[in-house]
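So the structure is just underneath, and the comments pick up after that.
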Amino acid sequence: MAKIATFFISMKNSQSHRFITASTIILMLVLFSGFRPFPQSAESVVRGVESAFQVNSHAELYVMVRVEKNGEIHTDQWLLMYEYDDQDTRGVWRILPRYGHESTTLLSIQQPGKATKLFLKSGEDGALEEVDGMARRRAFGPSDWNMEDIYDDDKHDWSHRKIGSAMVRGVGTIVIESRYDDPTLRDQSIYSKRRVYLAKDNQRFLRSDYYDRTGTMVKTVNAAHHENVGSDDGVPRIRPRRLEIVDLQDGSMTVMVRVYSVFDEELPRELFSEEGVASWDASTDKKLIELLEKDS
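Residues in the sequence shown are numbered from 1 upward in steps of one, following the UniProt record's numbering.
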C-alpha cells in the first residue's frame, strides 16, 4: 500500500517508476496534485495523491532562511536528490558549505519491509557514519534535520483516517491523520502522528501538522506558494514552491524556496552510494548545480 508523506511520496511495491516526493522533506519535501474528484476514504485520497506524478529520479536546489527565537538568522543552500528503482529508494540531502559553516550530508537507503538506513557526514573531511535507531534524535538534534519526512520516504505501512474538514487560508480542505502501523516504528518516531490538509477542489497540499505523544502540536508546515509544473491529460499539475516550517518547541521558523529542479535525469548511481557520499565535496556540488541550472 502506498503512503502519503508531507514532503516525500513513493510506492513500496516494485515498479519501473517510483512515485516522487511531493515536498517534504523536507523538507521536503513537495506534494503533487492530480486534480481528480475527491475520494471518500482516507486510503483513496492517499492513493490518488500518490498517483499524480511518476519519475525515476530527481534533483533540486533550495534556498533556506531560518529565523531563531532570539532573532538570529541563518541562510543556507540545500541540495535534495532522490533515485527510485525496483530494489530500493535512495536519497541524498546536503546543506552546502557556504555562509561560514561546514557542510552536512545525509544519505538514506530504504527498502520495503526494512528499517530505513541513515548515514550522516559532517564537514568535507568528516567520516560517513551510520545513524541507528533512537540515536538519530541525538545525532540530528533540535534542527529541521529531525523532521522524519526528510529521510523517510514512507516505505513503511501507515494507517490513514479522514478526521474531518477545515479552512486553511480561506480554502476548504479535507484533513487526514496518519500514524505508523508498526509499534516499534511508532516508538522510534519523533512524532506520534501527523495531519495533512489537502484542498477539496484539487487536492493540492496546504499544510501539515505534527504532534508528540501528549497530543501537543510541535511543528507545522505551510505551503505558502504553488506553481504549475506541467499537465496530465490536459489537467494542470500544481505543487508547492515555497514552504514555511514553524517549530513550536524552539520558536524558530524556516522558509524553503526551490530554485532549480530536474526530473528523470541520468544522475550517476555512485552519488547515491556510501562511497559516493563519503567522498562528496565542493566539486560534486558544482557539477550538480551546473546540471540544475542548465536543465531547469
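Even glycine gets a Cβ: it sits at the ideal position worked out from N, Cα and C.
Residue i - containing beta strand (DSSP E), residue span
{"i": "Gly276", "result": "It is not in any beta strand (DSSP E) - Gly276 instead sits in the alpha helix (DSSP H) that spans 274-278."}
{"i": "His58", "result": "57-67"}
{"i": "Ala199", "result": "193-199"}
{"i": "Gly164", "result": "158-168"}
{"i": "Gly172", "result": "171-180"}
{"i": "Ile110", "result": "The displayed chain sequence assigns Gln, not Ile, to residue 110. Here the beta strand (DSSP E) through Gln110 covers 104-110."}
{"i": "Lys117", "result": "117-122"}
{"i": "Ile73", "result": "73-84"}
{"i": "Glu266", "result": "That residue, Glu266, is in no beta strand (DSSP E); it is neither H nor E in DSSP."}
Neighbourhood of residue i by C-beta, 6 angstroms cutoff - its chain only, sequence neighbours within 5 removed
{"i": "Asn222", "result": "Arg207, Glu244"}
{"i": "Arg195", "result": "Val175, Glu177, Asp209"}
{"i": "His225", "result": "Arg241, Arg242"}
{"i": "Leu80", "result": "Glu60, Trp93"}
{"i": "Ser279", "result": "none"}
{"i": "Val257", "result": "Val63, Arg242"}
{"i": "Asp152", "result": "Only weak support is given to the placement of Asp152: the predicted model assigns it a pLDDT of 49, under 50, and the value that follows is read from those uncertain coordinates. Contacts found: Thr116."}
{"i": "Leu107", "result": "Val92, Phe119, Val277"}
{"i": "Asp125", "result": "none"}
{"i": "Val65", "result": "Thr75, Val255"}
{"i": "Ile73", "result": "Val67"}
{"i": "Arg90", "result": "Glu83, Ile109, Phe272"}
{"i": "Ile197", "result": "The residue asked about is misnamed: residue 197 is Tyr in this sequence, not Ile. Here the set comprises Val168, Thr173, Val175, Leu206, Arg207."}
Residue interval of the alpha helix (DSSP H) (run including residue i)
{"i": "Lys286", "result": "282-295"}
Alpha carbon of residue i to alpha carbon of residue j, nearest angstrom
{"i": "Pro240", "j": "Ala199", "result": "13 angstroms"}
{"i": "Ser57", "j": "Arg269", "result": "10 angstroms"}
{"i": "Thr75", "j": "Gly172", "result": "34 angstroms"}
{"i": "Pro112", "j": "Trp158", "result": "13 angstroms"}
{"i": "Leu288", "j": "Asp132", "result": "29 angstroms"}
{"i": "Tyr260", "j": "Glu227", "result": "13 angstroms"}
{"i": "Glu93", "j": "Glu60", "result": "For clarity, residue 93 is Trp in the given sequence; the question names Glu instead. So the alpha carbons of these two residues sit roughly 10 angstroms apart."}
{"i": "Ala115", "j": "Ala282", "result": "31 angstroms"}
{"i": "Gln249", "j": "Arg161", "result": "26 angstroms"}
{"i": "Tyr82", "j": "Ile109", "result": "10 angstroms"}
{"i": "Arg98", "j": "Ser41", "result": "46 angstroms"}
{"i": "Gly34", "j": "Gln203", "result": "Note on Gly34: pLDDT 30, under 50, position unreliable in the model; the coordinate value appears next. Between Gly34 and Gln203, the C-alpha separation is close to 7 angstroms."}
{"i": "Thr220", "j": "Glu293", "result": "31 angstroms"}
{"i": "Leu271", "j": "Ala127", "result": "16 angstroms"}
{"i": "Asp88", "j": "Val255", "result": "30 angstroms"}
{"i": "Thr284", "j": "Val246", "result": "31 angstroms"}
{"i": "residue 304", "j": "Met253", "result": "This structure does not reach residue 304, given that the chain is present from 1 up to 296, and the question cannot be answered."}
Own chain, CB closer than 7 angstroms to residue i, minus 5 neighbours either side, in chain order
{"i": "Arg213", "result": "Ser192"}
{"i": "Gly123", "result": "Glu102, Ser103"}
{"i": "Glu265", "result": "Ser57, Ala59, Leu291, Asp295"}
{"i": "Tyr180", "result": "His156, Trp158, Arg186, Ser189"}
{"i": "Lys267", "result": "Sequence inspection shows Leu at residue 267; the Lys mentioned does not correspond to that position. Counting only Cβ-Cβ distances below 7 angstroms, and skipping sequence neighbours, we find Ser57, Ala59, Met81, Glu83."}
Cross-strand partners of residue i (DSSP beta bridge)
{"i": "Pro97", "result": "BP columns for Pro97 are empty, so no partner."}
{"i": "Val257", "result": "Val63, Arg242"}
{"i": "Lys219", "result": "Tyr210, Asp247"}
{"i": "Arg90", "result": "Glu83, Ile109"}
Residues near residue i in its chain [Cβ-Cβ closer than 8 angstroms; skip 5 each side]
{"i": "Glu129", "result": "Phe119, Leu120, Lys121"}
{"i": "Gly251", "result": "Glu68, Lys69"}
{"i": "Ile163", "result": "Val175, Ile176, Glu177, Arg195"}
{"i": "Lys286", "result": "none"}
{"i": "Ser165", "result": "Gly172, Thr173, Ile174, Val175, Lys200"}
{"i": "Met217", "result": "Asp209, Tyr210, Tyr211, Leu248"}
{"i": "Gly215", "result": "Ser192"}
{"i": "Trp78", "result": "Leu61, Tyr62, Val63, Met64, Trp93, Arg94, Ile95, Leu96, Met256"}
{"i": "Met167", "result": "Thr173"}
Any C-beta of chain B under 7 angstroms from that of residue i
{"i": "Asp182", "result": "Any reference to chain B falls outside this structure, which holds one protein chain only."}
If contact is defined by three or more beta carbon pairs under 8 angstroms, each pair taking one atom from either stretch, is the segment 268-284 in contact with the segment 67-78?
no
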